[in-house]
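*Asks:* First residue of the sequence shown: 1, per UniProt numbering; consecutive thereafter.
Glycine residues also receive a C-beta, built at the ideal position from the N, C-alpha and C atoms.
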Amino acid sequence: MSHLDKQPIRVVVTGAAGQIAYSLLYIIAKGDVFGRDQPLILHLLDIPPMMEVLEGVVMELADCALPLLRQVVPTADPAVAFNDVSAAFLVGAMPRKQGMERKDLLSANVKIFKVQGEALDKHARKDVKVLVVGNPANTNAIVCSKYAPSIPAENFTAMTRLDHNRARAQIAARANVPVPCVSNVIIWGNHSSTQVPDASHAKVNVNGKMVSASEAVKDEAWLRKQFIETVQKRGAAVIAARKMSSAMSAATAAADHMRSWFLGTDPDEFVSMGVVSDGSYGAPKGVVFSFPVTISNGQWKIVQGLKIDDFYLDMLAATGKELEEERAEAMAVIQA
Ligand code: NAD
Ligand code: LMR
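#1: Quick check: is any heavy atom of the ligand LMR less than 7 Å from the C-beta of G274?
#2: Cα-Cα, which of V143, A216 and H164 is closest to N176?
#3: For the pair the stretch 234-244 and the stretch 95-102, tell me if three or more CB-CB distances fall below 8 Å.
#4: Sorted by chain position, which residues of the same chain lie with C-beta nearer than 7 Å to T265's C-beta, five sequence neighbours on each side aside?
#5: Can you confirm whether the stretch 188-201 touches the stretch 160-175 when touching is taken to mean that 3 or more C-beta pairs between the two stretches lie within less than 8 Å?
#6: How would you call V179, buried or exposed, if buried means at least 16 neighbouring beta carbons within 10 angstroms?
#7: Quick one: residues in its chain with C-beta nearer than 7 Å to the C-beta of L263, no 5 flanking neighbours on either side, listed in chain order?
#8: If we count the other Cβ atoms within 10 Å of its Cβ and call it buried at 16 or more, is R166 buried or exposed?
#9: Quick one: residues in its chain with C-beta nearer than 8 Å to the C-beta of W222, no 5 flanking neighbours on either side, listed in chain order?
#10: With distances taken from CA atoms, which of R224, D314 and F291 is nearest V303?
#11: Given 7 Å as the limit, tell me if V110 has its C-beta closer than that to any heavy atom belonging to the ligand LMR.
#12: Residues in the same chain with beta-carbon distance under 8 Å from L25, minus the five sequence neighbours each way, listed in chain order, please.
#13: Based on Cα-Cα distance, which residue from M59, S2, P74 and Q19 lies nearest to R10?
#14: When a residue counts only if its C-beta is closer than 5 Å to some heavy atom of the ligand LMR, which residues count, in chain order?
#15: Using 8 Å as the threshold, is the C-beta distance between E118 and V276 below it?
#16: With a Cβ-Cβ cutoff of 8 Å, do A247 and Q19 count as a contact?
#17: How is D104 classed by DSSP in three states: helix, strand or coil?
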């Protein structure tokens, strides 16, 4: 079927006048997320003072003359933005500045996700797939889900794909192979400096032979120290260098996350995604925790039965504890 015969789907991007959206909108609109034959109606939400900037983004999208983009709806009204959407990229929130921990954003940002949860509940399709990018992403996702009780909790996810991509890129550079040769890294837990980048189940294609990350990089000490710390602190390193938080890489990761969710993962591949925890691997239940997942028919499934090396266990407990604390703090902010 050609795209001319297919019904468009509605996709909302919040924070649409911001820097992540500036990269993300083009990736979505040219068909890299939902398929090259899937027409789109893009809903762009931002706050009233940003409407003029948003108008400029709308002009640029029109000027790209993209074949799949049927309509663009810029708005400051969540009821319009979330109406009938099949996919929601919740990017709009304050970014971290130099010296701030992601936790510092909590009081500024969680209220946004209560309002947007309520609007999704009222206006979105019941099968909407929601990706929270705005920080603290895991906790914002649980807040959003709580205020959208008519939408299944598994439809709310948080982005750790950027950390996942960072981990793949670090291993690829160290093993001197192209990035697509590295798969099945895992990011456990929170999208914060307590996250646990784990390469112990990664697969690396070295000259056509599949080997472990240990075999590919030949430096276990690096995998257990510099690799982990580089990925954990990469967001802060980008902020220190750019004086702004990551945007091009964050947009790419958001597109990767949603593409995997809509179109599925490759056979034998898993990706990292913040999803509502069922207690797998000892993670606290009911927080949005990043796990390795496989996806088919639009449904994610936590990969079960992986052996976790003792080395990672305390770190897994610490990131779980941080998520429980964030959840309690978020609820206190909302109820205050
Ligand atoms: P930005 O400041 O450039 O853009 C944010 C936009 O959101 C602004 O246009 C702002 O007006 C808008 N906004 C604020 N409140 C809103 C609301 N209630 N509804 C709709 N829009 C609203 O920031 P950015 O660099 O695009 O980053 C956005 C968020 O993404 C930040 O919280 C940042 O920390 C986070 N982030 C997450 C990851 C991740 O891996 N999960 C990676 C990078 C950035
Ligand atoms: C990132 O990981 O780059 C973003 O979450 C921005 C930040 O605050 O680190």
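*Replies:* With the structure as the only source:
#1: G274 Cβ: outside cutoff for every heavy atom of the ligand LMR.
#2: Comparing C-alpha distances from N176 to each of V143, A216 and H164 shows the shortest one belongs to A216.
#3: For the pair of segments examined, the stretch 234-244 was found to touch the stretch 95-102: the number of CB pairs separated by less than 8 Å reaches three.
#4: Contacts found: V271, T294 and I295.
#5: Counting Cβ pairs under 8 Å, three or more are found: they touch.
#6: Counting every other CB atom within 10 Å of its CB across the protein chains shown gives V179 a total below 16, marking it as exposed.
#7: Counting only Cβ-Cβ distances below 7 Å, and skipping sequence neighbours, we find G35.
#8: So R166 ends up on the buried side.
#9: Cβ neighbours of W222 beyond the five flanking positions: R174.
#10: When the alpha-carbon of V303 is set against those of R224, D314 and F291, the nearest one is in F291.
#11: No.
#12: So the qualifying residues of the chain are V13, A16, L42, L44, V57 and L61.
#13: The shortest Cα separation from R10 among M59, S2, P74 and Q19 belongs to P74.
#14: After applying the 5 Å Cβ criterion, the set is R96, G235, S245 and S246.
#15: For E118 and V276, no; Cβs fall outside 8 Å.
#16: Yes, the Cβ-Cβ distance between A247 and Q19 is below 8 Å.
#17: For D104, the three-state secondary structure derived from DSSP is helix.
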